[in-house]
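Note sheet for the following structure.
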Amino acid sequence: MQRKYFQPEIETMSADWIKRVQDEKLVKQVRYVYDNVEYYRHLMDEKGVKPEDIHGIDDLHKLPFLKKDDLREAYPYGLLATDMKNCVRIQSTSGTTGKRVVAFYTQHDVDLWEDCCARALVAAGCTNEDVCQVCYGYGLFTGGAGLHGGSHKVGSLTLPMSSGNTDRQIQFMMDLESTILCCTPSYAAYIGETLKEKGYKPEDNKLKAGIFGAEPWTEEMRRDIEKSLGIKAYDIYGLTELSGPGVAFECEEQTGMHINEDHFIAEIIDPDTGEVLPLGTKGELVFTSLDKEAFPLLRYRTRDICVLSREKCSCGRTFVKMTKPLGRSDDMMIIRGVNVFPSQIEAVLLNNGYAPNYQIIVDRVNNTDTFDINVEMKSEDFSDTPKGITNKEKELQGAMKTMLGINPKIHLVPPKSIERSEGKAVRVIDKRKRLGINV
Ligand code: ADP
Ligand code: ZN
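To convert a position in the sequence shown, counted from 1, into my numbering, add 18.
In structure tokens, the structure reads:
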């Protein structure tokens, strides 16, 4: 059965109601955290704020921030707000930026999370007649578990593939006629590439939509995936600390992701001063959970940089929208004093006809940053003369310079020589870390 929303009364509620729901839930969540989480109680006491000072979301700014370092310091139980016997699940971050963080869930928390994923699936057109192939990693990583649970809630036939074994993914996709694909965008691109190699055309598969997230990807990459798989590609955002994927999801308008505001309050702050910034301003995304039991987080700094908007959306959903993260404040590299995001490099590659298979290597030699990008050449260029290849490297270098303001050294490498990722792609190797440089 085709339906427009998973929970229509919530997803389309008026702005006044959203505020009312958030006001009420916030007061309760703050009291609950203060009473049950000693670590955060200390932070509140230090700031001189008590639960009775919080009457609604207008008082949110009074609360102290929580950072990833707090989660690491409190590891493993320091932020747990309920008795362990009430918890049914642990998940852990993928550790993109180093150390892992663990999050705990009660059955209620799992339910809310799966609802969020179900909303994302329905927004992408998923129904109980669909076959949903989940090739996000299962296990500690939240991708597999989240979309798996969401797919069950929608009632679609779930293929719990997990990541990897691309030949088997393709065999099941074809034999069982999968219609919805869930994985990281880099893996979706790889599946598309492998299908082509095996001689399949985009119209040979039954896929209609994909839900891709967990890592940054560009509009160019979206177009690429849509073309190679013959589908509409939807973005999904989330982080383990808050539950997992489904904190925000894209609708058919594809102009940003609706944040599930009945469960999370989003703020944008200036990452340097902590000041709250108005809608439409770029800054760091901060989340407050509203009804979590095991691992509630107040004013958690995600380090993801984005912009929020309340412009009316043609899908009818009223939840605030976030742009794709424009990079993580900690994903940003500072190379020779210039801020560089991998997403900028990816955009240049795709605009110049290259596949998004690349690796950035940064080092420091004689006190100067070196900046190299390995890029897989197009297959038609493989037989080019050395001079021809050098010219193409120069061309690409020029395009990078225009985008980034600094000159990388480009190395065109043979097709398929950069290792493919089945989960999150490793795009950056920053060797300066060995020198103890805080990058
Ligand atoms: P980590 O990668 O920090 O170990 P997670 O596996 O929970 O932990 O990943 C959460 C992070 O992944 C987010 O904070 C964000 O940086 C990134 N992320 C998730 N979804 C998206 C998306 N759709 N676009 C860009 N980045 C995303
Ligand atoms: Zn919408």
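All C-beta atoms in this analysis are idealised placements derived from N, C-alpha and C, irrespective of residue type, glycine included.
- Output the distance between the C-alpha atoms of GLY416 and ASN375, rounded to the nearest integer angstrom. Within the sequence shown, numbered from 1, the residue matching residue 416 stands at position 398. Within the sequence shown, numbered from 1, the residue matching residue 375 stands at position 357. Going from the Cα of GLY416 to the Cα of ASN375 covers about 19 Å.
Requested in this report: Tell me whether VAL338 sits in a helix, a strand or coil according to DSSP, three-state version.
Outcome: Start at 1 with the first residue of the sequence shown, and residue 338 comes out as number 320. In this structure, VAL338 counts as coil in the three-state DSSP scheme.
Practice item. Identify which residue in PRO82, HIS73, ILE379, TRP131 has its Cα closest to the Cα of GLU311. Key: As a first step, residue 311 is located in the sequence shown; it is residue number 293 there, counting from the start. GLU311 has its Cα closest to that of TRP131, out of PRO82, HIS73, ILE379, TRP131.
How many Å lie between ASN146 and ILE428 at the Cα?
Residue numbering aside, residue 146 sits at position 128 when the sequence shown is read from its first letter. Residue numbering aside, residue 428 sits at position 410 when the sequence shown is read from its first letter. Going by the C-alpha atoms only, they are around 48 Å apart.
Q) Which first and last residues belong to the alpha helix (DSSP H) in which ASN54 is found? A) Residue 54 sits at position 36 when you count from the first residue of the sequence shown. 33 to 54 is the span of the alpha helix (DSSP H), which, as asked, contains ASN54.
Worksheet item: What is the DSSP secondary structure of THR299, counted as helix, strand or coil?
Response: Your numbering for residue 299 matches position 281 in the sequence shown. In the structure shown, THR299 sits in coil (DSSP, three-state: anything other than H, G, I, E or B).
| message | Just to confirm the assignment, what range does the beta strand (DSSP E) spanning THR386 have? | response | For the purposes of this step, residue 386 is taken as residue 368 along the sequence shown, with counting starting at 1. Looking at the DSSP string, the run of the beta strand (DSSP E) that includes THR386 is 386 to 394.
- Message: Does any residue of chain D have a CB that is nearer than 8 Å to the CB of LYS250?
- Response: The structure shown has no chain D; it contains just one protein chain.
### Which of helix, strand or coil DSSP assigns to SER110
On the sequence shown, residue 110 is found 92 positions in, with the first residue counted as 1. Note: SER110 maps to strand in three-state DSSP.
- Sort out for me which residues DSSP pairs ALA251 with in a bridge. Looking up residue 251 in the sequence shown gives position 233. Note: ALA251 sits in a beta bridge opposite GLY228.
For the alpha helix (DSSP H) containing MET191, list its first residue and its last residue.
Translated into the one-based positions of the sequence shown, residue 191 becomes position 173. Counting along the chain, the alpha helix (DSSP H) containing MET191 begins and ends at 184 to 193.
Checklist entry - ARG59: beta carbon under 7 Å from a heavy atom of the ligand ZN? => result Position 41 of the sequence shown, counting from 1, holds the residue named residue 59. It does not: the Cβ of ARG59 is nowhere closer than 7 Å to a heavy atom of the ligand ZN.
Task: Nearest to ILE229 (by Cα), restricted to the options THR184, ARG137, GLU293 - done: Mapped onto the sequence shown, residue 229 falls at position 211. The residue with the shortest Cα to Cα distance from ILE229 is ARG137.
Check your understanding: Span of the alpha helix (DSSP H) holding VAL152?
Key -> Counted from its first residue, the sequence shown places residue 152 at position 134. VAL152 -> not in any alpha helix (DSSP H); beta strand (DSSP E) instead, spanning 149 to 152.
Exercise. Measure the C-alpha to C-alpha separation of THR388 and PRO433 and round it to an integer number of angstroms.
Key: Taking the sequence shown and counting its residues from 1, the one referred to as residue 388 is at position 370. Taking the sequence shown and counting its residues from 1, the one referred to as residue 433 is at position 415. Cα to Cα, the separation comes out at about 24 Å.
DSSP three-state call for LYS427: helix, strand or coil?
-> Counting from 1 along the sequence shown, the entry for residue 427 is found at position 409. Residue state, collapsed to three classes: strand.
>> With a threshold of 8 Å, are at least 3 pairs of Cβ atoms found where one atom belongs to the stretch 234 to 253 and the other to the stretch 77 to 95?
In response: As far as the Cβ criterion goes, the stretch 234 to 253 does not touch the stretch 77 to 95, which means the pair count is below three.
**Asked** If you drop the 5 nearest sequence neighbours on each side, which residues of the same chain put their C-beta closer than 6 Å to that of ILE447?
**Response** Here residue 447 corresponds to residue number 429 of the sequence shown, with the count starting at 1. Closer than 6 Å at the Cβ level, and outside the excluded window around ILE447, lie ILE379.
*When the Cα atoms are used, what is the spatial distance from GLY44 to ALA121?*
Against the sequence shown, residue 44 aligns to sequence position 26. Against the sequence shown, residue 121 aligns to sequence position 103. In the sequence under discussion, the amino acid at residue 44 is Leu, which differs from the Gly named in the question. Approximately 20 Å between the Cα atoms of the pair.
Where does VAL128 sit, in a helix, a strand or coil, going by DSSP? Taking the first residue of the sequence shown as 1, we reach residue 128 at position 110. Three-state DSSP puts VAL128 in a helix.
Roughly how many angstroms separate the alpha carbons of TYR208 and GLU233, rounded to a whole number?
The count along the sequence shown starts at 1 and reaches residue 208 at position 190. The count along the sequence shown starts at 1 and reaches residue 233 at position 215. Taking C-alpha positions only, TYR208 is separated from GLU233 by approximately 15 Å.
Ignoring anything shorter than 3 residues, give me the beta strand (DSSP E) runs that lie fully in the stretch 249 to 291, in order along the chain. Along the stretch 249 to 291, the beta strand (DSSP E) occurs as fully enclosed runs of 3 or more residues at 250 to 257, 262 to 268, 275 to 277, 282 to 287, listed in sequence order.
Problem set entry | Heavy atoms of the ligand ZN versus C-beta positions, residues under 6 Å | CYS269, GLU271, HIS276, CYS331, CYS333, ARG335
Segments assigned beta strand (DSSP E), at least 3 residues, entirely inside the stretch 299 to 326
301 to 307, 318 to 324
Check whether the Cβ atoms of VAL48 and ILE75 lie closer than 8 Å to each other.
Reading the sequence shown from its first residue, position 30 is the one you call residue 48. Reading the sequence shown from its first residue, position 57 is the one you call residue 75. The criterion of a C-beta distance shorter than 8 Å is not satisfied by VAL48 and ILE75.
Taking the alpha carbon of GLU285 as the reference point, which residue from GLU238, HIS60, SER307, PHE267 has its own alpha carbon closest? Counting from one through the sequence shown, the residue named residue 285 turns up at place 267. Minimum Cα distance to GLU285 is reached at SER307.
Take THR176 and list the residues in its own chain whose beta-carbon comes closer than 7 Å to its own, dropping the five residues that flank it on each side. For the purposes of this step, residue 176 is identified with residue 158 of the sequence shown, where counting begins at 1. Closer than 7 Å at Cβ, skipping near neighbours: CYS150, VAL152, HIS166, SER169, HIS170.
Check: Hey, would you say the C-beta of PRO234 is under 7 Å away from at least one heavy atom of the ligand ADP?
Finding: In the sequence shown, counting from the first residue as 1, residue 234 sits at position 216. Indeed, a heavy atom of the ligand ADP lies less than 7 Å from the Cβ.
Checklist entry - HIS281 and CYS135 look like a contact to me (Cβ under 8 Å); what is the Cβ gap, rounded to whole Å? => result Position 263 of the sequence shown, counting from 1, holds the residue named residue 281. Position 117 of the sequence shown, counting from 1, holds the residue named residue 135. Incorrect: roughly 12 Å between the Cβ atoms, too far for contact.
Can you tell me where the alpha helix (DSSP H) holding ASN16 begins and where it ends?
The structure shown does not extend to residue 16, since the chain is modelled only from 19 to 457, so the question has no answer here.
inquiry  = Can you check which of these residues, MET239, GLY371, LYS410, THR197, is closest to LYS342 by C-alpha distance?
reply    = Counted from its first residue, the sequence shown places residue 342 at position 324. It is MET239 whose Cα lies nearest to the Cα of LYS342.
Open item on the list: I need the DSSP call for CYS134, collapsed to helix, strand or coil.
Closed with: Here residue 134 corresponds to residue number 116 of the sequence shown, with the count starting at 1. Correct three-state label for CYS134: helix.
- Query: Should PHE337 go down as buried or exposed, given a rule of 16 or more other Cβ atoms within 10 Å for buried?
  - Reply: By 1-based counting over the sequence shown, the position of residue 337 is 319. When all chains shown are included, PHE337 counts as buried.
In whole angstroms, what separates the C-alpha of ASN369 from that of SER439? Here residue 369 refers to the residue found at position 351 of the sequence shown. Here residue 439 refers to the residue found at position 421 of the sequence shown. Distance between the alpha carbons of ASN369 and SER439: 22 Å.
Drop a sphere of 10 angstroms on the beta-carbon of GLY334, count the other beta-carbons inside from all chains shown, and report buried for 16 or more, exposed for fewer.
Reading the sequence shown from its first residue, position 316 is the one you call residue 334. Exposed is the call here.
GLY231: CB within 7 Å of a non-hydrogen atom of the ligand ADP
Within the sequence shown, residue 231 is the residue found at index 213, counting from 1. It does: the Cβ of GLY231 is within 7 Å (strictly closer) of some heavy atom of the ligand ADP.
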